[in-house]
Structure formats: C-alpha cells, structure tokens
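Remarks on the structure that follows.
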Amino acid sequence: MKDGLTAFQILLLAGYALGMVGGQMLFKLAALRVPAEAGVAVRLASLAQNGWFLAAVLLYGALSVMWVWVLTFTPLARAYPFVALAFAVTPFVAALAFSEPLSLRLVLGILVIAGGLVLVAG
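Using the numbering used here, the letters of the sequence shown map in sequence onto residues 5 to 126.
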C-alpha cells in the first residue's frame, strides 16, 4: 500500500463519514421518541420498536462491513482520520435538522479538524 490516498479511497472514506452522520441523525430521531421519564426497561423496549433506531443500527452494520472492506486496501492510519469528518459535519446537520446550537468555539474546533484532514488526505 502506498503512502497517499487515491481519489477513490478519499471518496469512499468521505462516504463512510457521511453515512456515520446519517446514522447519528437516525439515532437522534430515535432518542426524540423514547419516553424520557420511563424506567430503563421501558426505554429499552421502546428502542426495540423504534424504526429510527433499527434503521440506525442497520446502517451502522452496513458501514462496519464497508469499513472492513476499505481497510483491505487502505492503511488504517490513513483511513481513520476520516472518521473525524463525521465529527465535523454532524454538528452542522444537527443545527439544521434539530435547531441545535453552534457556538463559535465548536465551529473553530471543526475548522481545526478540517485542516487536519487536508493534511492527512494530501
């Protein structure tokens, strides 16, 4: 395996990260439908019947298979930093979808993550 990443590898890794963002949005949708005042057993039963939760688990299962496949031809040390792309994108999507706040400190942290990815992908 060579040191740099190909355009195909970068595309796959970015797709993986965006899939993780989608999974987090599904988990948030599931969480919004769990009774907050209920006991643990009721919450777990609620999750077992929650379509958003089940979709998120299925998506994460598919992403796990994809990750192992990508690692068959991509060094882990080069691929793993792309997981941080999900950390950078998720807050923005959460702000749009759920009106969650974005602080200046959070945005600055996201810019640092993005800078790191530029260094890793190059």
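Using N, Cα and C, we set each Cβ at its ideal position, and we do this for glycine too.
Can you list, in chain order, the residues of its chain with a C-beta nearer than 8 Å to that of residue i? Leave out the 5 residues immediately preceding and following it.
| i | result |
| --- | --- |
| Pro95 | Glu104, Leu106, Leu110, Ile114 |
| Ala42 | Ser50 |
Compare the Cα-Cα distances from residue i to each of the options and report the closest residue.
| i | options | result |
| --- | --- | --- |
| Trp56 | Phe91, Lys32, Gly19, Val124 | Lys32 |
| Val69 | Val124, Ala92, Leu17, Val44 | Leu17 |
| Met29 | Leu58, Gly120, Pro39 | Leu58 |
| Leu62 | Gly27, Pro39, Val74, Val116 | Gly27 |
| Phe12 | Gly65, Ala83, Ala99, Ala34 | Ala83 |
| Ala88 | Leu108, Val116, Trp73 | Val116 |
Here's the rule: buried if 16 or more other CB atoms are within 10 angstroms of the residue's CB, otherwise exposed. What is residue i?
| i | result |
| --- | --- |
| Gln53 | exposed |
| Met5 | Unreliable placement is indicated for Met5, whose pLDDT of 45 sits below 50; no coordinate value is reported for it. |
| Ala60 | buried |
| Val25 | buried |
| Leu80 | exposed |
| Leu112 | exposed |
| Ala101 | exposed |
In three-state DSSP terms, what is residue i?
| i | result |
| --- | --- |
| Gly23 | helix |
| Ser50 | helix |
| Arg37 | coil |
| Phe31 | helix |
| Pro79 | coil |
| Leu67 | helix |
| Gly8 | coil |
| Leu106 | coil |
| Ala18 | helix |
| Gly43 | coil |
Once the 5 residues before and after residue i are set aside, which same chain residues still bring their CB inside 7 Å of it?
| i | result |
| --- | --- |
| Ala118 | Ala92 |
| Val46 | Pro39 |
Can you tell me the Cβ-Cβ gap for residue i and residue j, rounded? I've got them flagged as a contact below 8 Å.
| i | j | result |
| --- | --- | --- |
| Leu121 | Phe86 | 7 Å |
| Leu75 | Tyr20 | Wrong, their Cβ atoms sit about 11 Å apart, outside the cutoff. |
| Leu9 | Thr78 | 7 Å |
Could you pull out every residue in the same chain whose Cβ sits closer than 6 Å to the Cβ of residue i, ignoring the five residues on either side in sequence?
| i | result |
| --- | --- |
| Gly23 | Leu67 |
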